[in-house]
Amino acid sequence: MARKIRVLVAKPGLDGHDRGARVIARALRDAGMEVIYTGLHQTPEQIVEAAIQEDVDVVGLSILSGAHMTLIPRVTQLLRENGADDIIVIGGGTIPEDDIRALKEGGWVKELFTPGTPLEAIAEWIQSNVKV
Amino acid sequence: MNDQPKGIKEGLEKWRECRCQMKDRDFRFETVSGMEVKDLYTPLDIEDLDYERDLGFPGEYPFTRGVYRNMYRGRLWTMRQFAGFATAKESNKRYKYLLEKGQTGLSVAFDMPTIMGYDSDHPRSLGEVGRVGVAIDSLQDMETLFDGIPLDKVSTSMTINAPAAVIWCMYIATGEKQGVRPEKLTGTIQNDILKEYIAQKSWIFPPEPSMRLITDIFAYASRHVPKWNTISISGYHIREAGSTAVQELAFTLADGFAYVEAGIKAGLNVDDFAPRLSFFFNAHIDFFEEIAKYRAARRIWARRMKEKYGAKDPRSWLLRFHTQTAGCSLTAQQPENNIVRTAYEALAAVLGGTQSLHTNSMDEVLALPTEKAVQIALRTQQILAYETGVANVIDPLAGSYYVEALTNKMEEEAEKYFEEIEKRGGVLACIEQNFFQQEIADAAYRYQRALDSKQRILVGVNEFVNPDEKLEIEILKIDPKIEQEQVARLQKLRRERDNIRVRETLEALRRACEGTENVIPYILDCVRAYATEGEIIQVMREVFGEYKEKPTF
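Chains A and B, in that order, give the protein sequences.
Counting along the first sequence from 1, when you hit position 122 you're at 104 in the working numbering, and nothing is skipped either side.
Add 1176 to a position in the second sequence, counting from 1, and you land on the number used in the working numbering.
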């Protein structure tokens, strides 16, 4: 039997809006994945350290503070510097379309899910993009 | 008279028999909070309602019908749009714009570094300066923020919690610079740390020292800033985090009782600080549930304050509240629909007797609002106030079988939560046990599942979708240069101020924090010396420690 997909749900930045992160963490767990939630106010360094330590397949970043253009590239950059660029970075939150385009085209993030995305759609995306 | 209920009962049974043969739509008939509602309410649902005991007259105990005798006939609610972004200078311009458009009070949004007590040049502030509110590092920024706005002429609400004491002192000091004495200042600081641990999660210190700061503010305000609302006990964020209406009501009032108990324990007379407590509720999309929530809140508060806490001053019994329409009810899809949602929510707030109101802008789900969107939101309130006629009559829904039954139900359900909270050892114990956080997370998850399975319809999101929707609304962008400029300004201030004075005042504050004296005069001295918010908070952090949450989902 295939092993379980491992996901780190992370909240970078200073804001405390954890409703989305916690709902998604629970949904991914219900979809059969191993989910680790970092808790709030994490720096990119802390997130990358946790991702490597927990040997995850996916890092999901939840950002609602408007700092996505700084924080998402920083996490991806640090993963690369630590030789962990096989970890897929995805994200969600209040992110305008232009920024989504820039982050995806810049290769900083594999996929971004905006408000209104069904939980199953996120779980399915992960299942079809992670090879286990 | 006695035969009336009997007649209604018989009639109802007959009606029910015929009605049950009719097929209902395939739909969950419940409130947005998942509370089941009946198809019909009759006098039988409020048989036990005693007008004088349970409703009374507006401005009279138990205030179910409103806190003032004349309500909106005397003065309309305050139209108070929450605003703030980028730098103090930019925000100052937006405030002047809003005042010019007929807004009647100011409401300041701070950026995340300010909310968390970090200066703009702190490594943790990187990328966050001026993003979701205005960056305030020192008294200098506060002076700029209110430049040309006389503080004795406006009332200002400031959404700040963990570092509330520092920001409030900056406001008092700005008044001093303008020649406005503290007793003339009117406004509100949110200053509600309990809901931070419960829902919004912007904390700095552990609960105990945080509660001390709050009671220090109560004490200082009662002597020196008597017209200031020292706390805005907030259900808004609890609801936005995913709670039900009952949870919002119960947890918020429980927090309120905890502050009252803390004040009494700190040796204050309840009537010296209770009249300055104010509340802040959400206006979600379920119209009647919200109205019932506000009415129940007033009644519960009045009864407890009088009967349990022995408050004698009638002003201590009043639950005055601000309302904001529900950000979490808005959709990123077809954002123009949010104007309609917000209008219904605003109507519920007004029919529920709110004292002030913020209406969300249609684009707030995407970014900070543009001027155009803010204007529509403000106009929504003005149309309500001046065109619809709903402000003419006080508490016009009183006596509705449904509204009164629902008001009773909200009160009963809230009482059950109060019992549970007490059994668990009180609000602080419940926070430690993750009780509130888990209840809210469960409700949020249920709600999302209901949307995903289409048991609940969200127009434009899971039904009535425009498949090829292209967003055509303008998005407010914050220039990244703002961060560099703010940092440069801060560093210039650090070079030019009297740094010996800064060190002395910070040291005096440290000693006050270590002791038991009221810390507010010491913070004021630091602020007047242009010590920065980050420097002041750092001193307090070293004495008080930092709060850590156990992450769960």
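Ideal Cβ placement from N, Cα and C applies to all residues, glycine included.
On a predicted model such as this, the values are computed, not experimentally measured, just so you know.
Length of the line joining the Cα atoms of residue i and residue j
{"i": "residue 49 of chain A", "j": "residue 1470 of chain B", "result": "35 Å"}
{"i": "residue 1664 of chain B", "j": "residue 1304 of chain B", "result": "15 Å"}
{"i": "residue 1625 of chain B", "j": "residue 1474 of chain B", "result": "33 Å"}
{"i": "residue 1578 of chain B", "j": "residue 1238 of chain B", "result": "20 Å"}
{"i": "residue 73 of chain A", "j": "residue 41 of chain A", "result": "8 Å"}
{"i": "residue 1615 of chain B", "j": "residue 108 of chain A", "result": "28 Å"}
{"i": "residue 1676 of chain B", "j": "residue 1719 of chain B", "result": "21 Å"}
{"i": "residue 1483 of chain B", "j": "residue 1492 of chain B", "result": "12 Å"}
{"i": "residue 86 of chain A", "j": "residue 1458 of chain B", "result": "35 Å"}
{"i": "residue 1556 of chain B", "j": "residue 1563 of chain B", "result": "10 Å"}
{"i": "residue 105 of chain A", "j": "residue 18 of chain A", "result": "15 Å"}
{"i": "residue -14 of chain A", "j": "residue 94 of chain A", "result": "22 Å"}
{"i": "residue 1456 of chain B", "j": "residue 1198 of chain B", "result": "42 Å"}
{"i": "residue 1339 of chain B", "j": "residue 1380 of chain B", "result": "8 Å"}
{"i": "residue 1323 of chain B", "j": "residue 1356 of chain B", "result": "13 Å"}
{"i": "residue 1376 of chain B", "j": "residue 1411 of chain B", "result": "10 Å"}
{"i": "residue 1527 of chain B", "j": "residue 1570 of chain B", "result": "8 Å"}
{"i": "residue 1279 of chain B", "j": "residue 1329 of chain B", "result": "13 Å"}
Helix, strand or coil at residue i [DSSP, three-state]
{"i": "residue 1478 of chain B", "result": "helix"}
{"i": "residue 1499 of chain B", "result": "strand"}
{"i": "residue 74 of chain A", "result": "strand"}
{"i": "residue 1255 of chain B", "result": "strand"}
{"i": "residue 1207 of chain B", "result": "coil"}
{"i": "residue 1414 of chain B", "result": "helix"}
{"i": "residue 1223 of chain B", "result": "coil"}
{"i": "residue 1570 of chain B", "result": "coil"}
{"i": "residue 1538 of chain B", "result": "coil"}
{"i": "residue 1379 of chain B", "result": "coil"}
{"i": "residue 1322 of chain B", "result": "coil"}
{"i": "residue 1308 of chain B", "result": "coil"}
{"i": "residue 61 of chain A", "result": "helix"}
{"i": "residue 1728 of chain B", "result": "coil"}
{"i": "residue 1631 of chain B", "result": "coil"}
{"i": "residue 19 of chain A", "result": "strand"}
Distance CB(residue i)-CB(residue j) smaller than 8 Å
{"i": "residue -12 of chain A", "j": "residue 39 of chain A", "result": "yes"}
{"i": "residue 1495 of chain B", "j": "residue 1478 of chain B", "result": "yes"}
{"i": "residue 1309 of chain B", "j": "residue 1285 of chain B", "result": "yes"}
{"i": "residue 1476 of chain B", "j": "residue 1429 of chain B", "result": "yes"}
{"i": "residue 1667 of chain B", "j": "residue 1297 of chain B", "result": "yes"}
{"i": "residue 1698 of chain B", "j": "residue 1684 of chain B", "result": "yes"}
{"i": "residue 1533 of chain B", "j": "residue 1251 of chain B", "result": "no"}
{"i": "residue 1409 of chain B", "j": "residue 1368 of chain B", "result": "yes"}
{"i": "residue 1417 of chain B", "j": "residue 1620 of chain B", "result": "yes"}
{"i": "residue 1651 of chain B", "j": "residue 78 of chain A", "result": "yes"}
{"i": "residue 1344 of chain B", "j": "residue 1365 of chain B", "result": "yes"}
{"i": "residue 1704 of chain B", "j": "residue 1315 of chain B", "result": "yes"}
{"i": "residue 1695 of chain B", "j": "residue 1389 of chain B", "result": "yes"}
{"i": "residue 24 of chain A", "j": "residue -7 of chain A", "result": "yes"}
{"i": "residue 1481 of chain B", "j": "residue 1442 of chain B", "result": "no"}
{"i": "residue 1320 of chain B", "j": "residue 1265 of chain B", "result": "yes"}
{"i": "residue 1222 of chain B", "j": "residue 1580 of chain B", "result": "yes"}
Candidates the options: closest to residue i by CA position
{"i": "residue 5 of chain A", "options": "A/99, A/29, A/112", "result": "A/99"}
{"i": "residue 1155 of chain B", "options": "B/1200, B/1661, B/1250, B/1277", "result": "Because chain B in this structure spans residues 1177 to 1729, residue 1155 of chain B falls outside the shown range and cannot be described."}
{"i": "residue 1640 of chain B", "options": "B/1582, B/1679, B/1717, B/1509", "result": "B/1509"}
{"i": "residue -4 of chain A", "options": "B/1292, B/1250, B/1398, B/1280", "result": "B/1292"}
{"i": "residue 1613 of chain B", "options": "B/1632, B/1623, B/1726", "result": "B/1726"}
{"i": "residue 1394 of chain B", "options": "B/1406, B/1386, B/1383, B/1385", "result": "B/1406"}
{"i": "residue 1434 of chain B", "options": "B/1453, B/1660, B/1586", "result": "B/1453"}
{"i": "residue 103 of chain A", "options": "B/1567, B/1628, B/1439, B/1323", "result": "B/1628"}
{"i": "residue -10 of chain A", "options": "A/31, A/-16, A/56, A/-1", "result": "A/31"}
{"i": "residue 1700 of chain B", "options": "B/1715, B/1714, B/1681, B/1690", "result": "B/1681"}
{"i": "residue 1258 of chain B", "options": "B/1630, B/1329, B/1500", "result": "B/1500"}
{"i": "residue 1207 of chain B", "options": "B/1363, B/1587, B/1468, B/1414", "result": "B/1468"}
{"i": "residue 1710 of chain B", "options": "B/1202, B/1288, B/1282", "result": "B/1288"}
{"i": "residue 1485 of chain B", "options": "B/1236, B/1438, B/1511", "result": "B/1438"}
is_contact[residue i, chain C] using C-beta, thresh 8 Å
{"i": "residue 1457 of chain B", "result": "Going by chain labels, chain C is absent from the structure shown, which instead holds the protein chains A and B."}
* **Residues from the stretch 49 to 67 of chain A in contact with chain B, defined by Cβ distance under 9 Å** => 49, 50, 51, 52, 53, 56
* Given a limit of 7 Å on CB to CB distance, which residues of the stretch 1485 to 1518 of chain B reach chain A? -> 1507, 1508, 1509
* What are the residues of the stretch 1605 to 1639 of chain B that lie near chain A, defined by any Cβ-Cβ distance shorter than 7 Å? -> 1617, 1620, 1621, 1624, 1628, 1637
* Contacting positions in the stretch 1542 to 1575 of chain B - beta carbon closer than 9 Å to chain A -> Closer than 9 Å at the C-beta level to chain A, one finds these residues of the stretch 1542 to 1575 of chain B: 1542, 1543, 1544.
* Select from the stretch 1369 to 1386 of chain B all residues with a C-beta closer than 7 Å to any C-beta belonging to chain A, and list them in chain order. => Cβ contacts with chain A: 1376, 1377, 1378.
* Which residues, taken in chain order from the stretch 1257 to 1291 of chain B, show a beta carbon closer than 8 Å to some beta carbon of chain A? -> 1288, 1289, 1291
* Asked: Any residues in the stretch 1402 to 1426 of chain B with a beta carbon nearer than 8 Å to a beta carbon of chain A? Which ones, in chain order?
  -> 1416, 1417, 1418
* Residues from the stretch 1659 to 1684 of chain B in contact with chain A, defined by Cβ distance under 8 Å -> none
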